[in-house]
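Read top to bottom, the protein sequences are chains X and W.
Just so we're aligned: the first sequence equals residues 3 to 205 in this note's numbering.
Just so we're aligned: the second sequence equals residues 29 to 294 in this note's numbering.
Glycine residues also receive a C-beta, built at the ideal position from the N, C-alpha and C atoms.
First comes the structure, then the notes that go with it.
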Amino acid sequence: MSAEEKTLVDRCRQGEDDAWRELVDRFGQKVYSVAYHFTLNREDAEELSQEIFLKTFENLHRYDGSFPLVAWLLSISRNLCIDRYRRRKREKSFRFVSDDAVAPLLKSTDDPAAEALKKERTKLLFSALAEIPEDLAEILVLRDLDGLAYEEIGKMLELPDGTVKSRLFRARAEVARRIRERHERRGSAGAFQTLALAAGGVL
Amino acid sequence: MSCGELERLFLAGASPEAVRRHAGGCATCARLNADLESTAEMSAGLVLPPLAASLRKSLLEIPRRTVSCDGAERLLPFAVEGEIGADDERRLASHLSRCAACAEAAETLLGSRDLAQPIAPPWLAARLTAARPAKERGLWAWILDPKAVIAVAYAAALLVMLLGFNPADLARRVRSGQIGENTRAAVTVAESSLTDRVGALQEKIARTFAIWKGRAGGYGRAAVSNAMMFLWKSSTTKERGGERSRNRDGRGAFKGTEMTNTSWRA
Chain X
3 MSAEEKTLVD RCRQGEDDAW RELVDRFGQK VYSVAYHFTL NREDAEELSQ
53 EIFLKTFENL HRYDGSFPLV AWLLSISRNL CIDRYRRRKR EKSFRFVSDD
103 AVAPLLKSTD DPAAEALKKE RTKLLFSALA EIPEDLAEIL VLRDLDGLAY
153 EEIGKMLELP DGTVKSRLFR ARAEVARRIR ERHERRGSAG AFQTLALAAG
203 GVL
Chain W
29 MSCGELERLF LAGASPEAVR RHAGGCATCA RLNADLESTA EMSAGLVLPP
79 LAASLRKSLL EIPRRTVSCD GAERLLPFAV EGEIGADDER RLASHLSRCA
129 ACAEAAETLL GSRDLAQPIA PPWLAARLTA ARPAKERGLW AWILDPKAVI
179 AVAYAAALLV MLLGFNPADL ARRVRSGQIG ENTRAAVTVA ESSLTDRVGA
229 LQEKIARTFA IWKGRAGGYG RAAVSNAMMF LWKSSTTKER GGERSRNRDG
279 RGAFKGTEMT NTSWRA
C-alpha cells in the first residue's frame, strides 16, 4: 500500500496532472471531513483544506512511504487543524453549535421529528466535545467521526497504539459523562424537549 | 466513576459480550457503558460533510498556483538571473510566502545581487602600484647592470685563478723573456694599443674640460658685468630723481639701459 502511495507521490512530484488528480480524489474528502469536524464551518473547512493540500504539494519530497499517505498528509497539516481548533475554542460562541453547523453531517430523511432529534443530539455531542481537552477531542474526532484506523492516528499524532486507545476511551467516557450531566442539569425541561422532539412536536 | 475494568477490557480488545457481562455485575460500569453506547450511537449516524465541486476544482489547480520545495530549488537560479517567466515567478512567490526555509534561501541568493560595492581603502592604490611587477628588462639591461658586471668580473677572476693563469706572472715573464715570441708580440701590441687608447681618452677629457672651463669663465664674466651695470644704473636713476628716459614716442624701454644691455652680447 505504502509503496503504491510512494509511487503516486513520485508521479505528483514529476508534475503528472493525473497523479495529482488521483491524490485529490482519494484524500480530498477525508481531509475536508477532518477540517470540517475541527472547524464546524464550511468556509473555514474549505480554506483549511486548501492550506493542507498546498502544504502537501510543497512537501511531497518529504514522503518516504514508511507509513500510510493519509496519516502523513494529516500529520503535516495537524498544526493547521489544531491552530484553527484553538482559535475557535477562544471564541465565546465555541460551545454553541448552530443548526447550520451540523446540517451537513445529517442524513436527510422523510421523518422531520427524527431529523430534529438527530440534529439536537449531534449539537449536544459537539458541545460536549468542545469541553474536553483538545488532545482527547482530536482523537475522538479522528476515530469516531472520520473513521481513521488506530495505526493512522498513531502515525499522525506520533503516539503508540496503546496510548491512542487509552485516550480514545477517556475521550468517549468524558463526552458521555458530559452529555448525561447536561441532561441531568436540564432536568424535566430537557426531558420534555427531547420527548416533544421525539413525538414530532415543534418548539 | 468506573472501576477501571471497562477501560482494561476495551484496551484488551474484549468483545461486547464480555463488556456487558462485566457491566451486569458492576453498577458504576453499567452506567458508564450505557453512556458510551448512547454516545457511540450519536456519532455513528453522522455522514461525512460533502466535498464541494468548487473546492475539488481549486485543489486540482494547486500545481498551477505554487511549486514544491523541489520546484523552488529549480526556479531560484533563474529568478536570480532574472530569466524567469511571469507564471513561474508567481508560483515561486506563492511558495516563498509559505515556506520559511526556501524564503531564506531565496532572500540570500537574491540579496547578493543588491550588495553595495565595497569602498577601497585609500592606501590600496599606492600598494597596488608598488606591487606591480617590474617591467621586463632587455638583454642589454641585464648585461650592463652593475651587479651583473661585478658578478661576471668575479667569476672570470675565479676562473682564471682556477685555471692557473696569473697576470702578475705573465708580466714578469714578458720582462724576463720567458715566453714565446708570438706571445710577446701579442702582449706588446695589446699593451701599446691600451696605452694609445688611454692616452686618447685622457686627451679627450682634457679638451672637454677646457671647453667647459672656457664657457664657465665667459658666463661668469658676463654675469659680473651685468651685476656691475645694474648697480651703476640704479645709482644713476637715484641721481636723476626717478625720471625715466623714454624713446621718442614716449613709450618703450630706457634708452641707456637698452644700449648697455645689448653691449655684452656683441
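Next item on the list: Check the Cβ-Cβ distances between W/V295 and every residue of chain X, and say whether any is below 8 Å.
Entry: For residue 295 of chain W there is no data in the structure shown, the boundaries of chain W being 29 and 294.
Next item on the list: Would you mind working out which of W/C97, W/L88, W/P78 sits nearest X/L108, comparing C-alpha positions?
Entry: As a position in the first sequence, residue 108 of chain X is number 106, starting the count at 1. Selected option, being the one with the closest Cα: W/P78.
Check: What are the start and end residues of the alpha helix (DSSP H) that includes W/L139?
Finding: To locate residue 139 of chain W, count along the second sequence from 1; it is residue 111. Sequence check: residue 139 of chain W is Gly here, not Leu. Taken as a continuous stretch (DSSP letters only), the alpha helix (DSSP H) holding W/G139 covers 128-139.
Note to self: Please identify the residue among X/L56, X/Q16, X/L42, X/R172 whose C-alpha is closest to the C-alpha of X/G30.
What the structure shows: By 1-based counting over the first sequence, the position of residue 30 of chain X is 28. For the residues X/L56, X/Q16, X/L42, X/R172, the minimum Cα distance to X/G30 belongs to X/L56.
Check: Closer than 9 Å, Cβ to any Cβ of chain W: which residues of the segment 43-54 of chain X, in chain order?
Finding: R44, A47, E48, S51, Q52, E53
Check: Under a Cβ-count criterion, where at least 16 other Cβ atoms within 10 Å of its own Cβ denotes burial, should X/D148 be classed as buried or exposed?
Finding: In the first sequence, residue 148 of chain X corresponds to position 146, counting from 1. By the neighbour-count rule (16 or more Cβ atoms within 10 Å), X/D148 is buried.
Notebook entry, point to check: Is the distance from the Cβ of W/L87 to the Cβ of X/Q16 below 8 Å?
Noted result: Position 59 of the second sequence, counted from the start, is the residue given in the question as residue 87 of chain W. Position 14 of the first sequence, counted from the start, is the residue given in the question as residue 16 of chain X. Cβ distance not < 8 Å, so W/L87 and X/Q16 don't count as in contact.
Notebook entry, point to check: Going by C-alpha distance, which of W/E45, W/L74, W/L229, W/R59 is nearest X/S110?
Noted result: The residue labelled residue 110 of chain X in the question sits at position 108 within the first sequence. Looking at the Cα atoms, W/L74 is the closest of the given residues.
Checklist line | Between the CA atoms of W/I147 and W/A155 - distance to the nearest angstrom | finding: By one-based count along the second sequence, residue 155 of chain W stands at place 127. By one-based count along the second sequence, residue 147 of chain W stands at place 119. Here the sequence assigns Arg to residue 155 of chain W, which means Ala is not the residue at that position. In a straight line, the C-alpha of W/R155 is about 15 Å away from that of W/I147.
Next item on the list: Please confirm if X/G67 has its CB atom under 8 Å from at least one CB of chain W.
Entry: The sequence position of residue 67 of chain X within the first sequence is 65, counting from 1. Closer than 8 Å: no.
Item checked: Residues of the segment 81-93 of chain W with Cβ closer than 9 Å to any Cβ of chain A, in chain order -> Among the protein chains of the structure shown, namely X and W, there is no chain A.
Notebook entry, point to check: Beta carbon of W/L83, beta carbon of X/E48: below 8 Å?
Noted result: Within the second sequence, residue 83 of chain W is the residue found at index 55, counting from 1. Within the first sequence, residue 48 of chain X is the residue found at index 46, counting from 1. The answer is yes: Cβ separation under 8 Å.
Check: What is the rounded straight-line gap between the Cα of X/F40 and the Cα of X/R80?
Finding: Position 38 of the first sequence, counted from the start, is the residue given in the question as residue 40 of chain X. Position 78 of the first sequence, counted from the start, is the residue given in the question as residue 80 of chain X. Taking the straight line from one Cα to the other gives about 11 Å.
Next item on the list: Taking C-beta pairs closer than 7 Å, name the residues in chain W that X/F59 reaches, listed in chain order.
Entry: Taking the first residue of the first sequence as 1, we reach residue 59 of chain X at position 57. Those are I90, P91, T94, S96, listed as they occur along chain W.
Check: The alpha helix (DSSP H) spanning W/V188 covers which residue range?
Finding: Here residue 188 of chain W refers to the residue found at position 160 of the second sequence. Run containing W/V188: 174-190, per the alpha helix (DSSP H) assignment.
Note to self: Which same chain residues end up closer than 6 Å to W/A153 when comparing Cβ atoms and leaving out the 5 residues on each side of it in sequence?
What the structure shows: Against the second sequence, residue 153 of chain W aligns to sequence position 125. Correct list: empty, nothing qualifies.
Note to self: If I follow the unbroken alpha helix (DSSP H) through X/N43, where does it start and stop?
What the structure shows: If you number the first sequence from 1, residue 43 of chain X lands on position 41. From DSSP, X/N43 is part of no alpha helix (DSSP H); its letter is neither H nor E.
Notebook entry, point to check: Under a three-way DSSP split, which group does W/A148 fall into?
Noted result: Walking along the second sequence from the start, residue 148 of chain W turns up at place 120. W/A148: coil per DSSP, three-state reduction.
Next item on the list: Note down, in chain order, each residue of its chain lying with its Cβ closer than 7 Å to the Cβ of W/L137, except the 5 sequence neighbours on either side.
Entry: Position 109 of the second sequence, counting from 1, holds the residue named residue 137 of chain W. These residues qualify, in order along the chain: L104, V108.
Notebook entry, point to check: Within 10 angstroms of its Cβ, does W/W168 collect 16 or more other Cβ (buried), or is it exposed?
Noted result: Against the second sequence, residue 168 of chain W aligns to sequence position 140. Classification of W/W168: exposed, given that the 10 Å Cβ count is below 16.
Check: For W/E35 and chain X, any beta-carbon pair shorter than 8 Å?
Finding: Along the second sequence, one-based indexing puts residue 35 of chain W at 7. It does: the Cβ of W/E35 has a partner Cβ on chain X nearer than 8 Å.
Notebook entry, point to check: Between X/T58 and the rest of its own chain, which residues show a CB-CB distance below 6 Å, the 5 nearest in sequence each way excluded?
Noted result: Here residue 58 of chain X refers to the residue found at position 56 when the first sequence is read from its first residue. L75, listed in sequence order.
Note to self: To the nearest angstrom, how far is the alpha carbon of X/A5 from that of X/V11?
What the structure shows: The residue given as residue 5 of chain X occupies position 3 in the first sequence. The residue given as residue 11 of chain X occupies position 9 in the first sequence. Each residue's Cα considered, the two are about 10 Å apart.
Next item on the list: Over the uninterrupted alpha helix (DSSP H) stretch that includes W/F106, give me the two end residues.
Entry: Indexing the second sequence from 1 puts residue 106 of chain W at position 78. Looking at the DSSP string, the run of the alpha helix (DSSP H) that includes W/F106 is 97-109.
Check: Which of the residues in the segment 66-81 of chain W, read from start to end, lie with their CB under 9 Å from any CB of chain X?
Finding: S66, T67, A68, E69, M70, S71, A72, G73, L74, V75, L76, P77, P78, L79, A80
Check: Do X/K157 and X/S77 have their CB atoms nearer than 8 Å?
Finding: Here residue 157 of chain X corresponds to residue number 155 of the first sequence, with the count starting at 1. Here residue 77 of chain X corresponds to residue number 75 of the first sequence, with the count starting at 1. Going by C-beta atoms, X/K157 is nearer than 8 Å to X/S77.
Item checked: Contact list for the segment 170-183 of chain X against chain W, Cβ threshold 7 Å -> F171, R174, A175, V177, A178, R179, I181, R182
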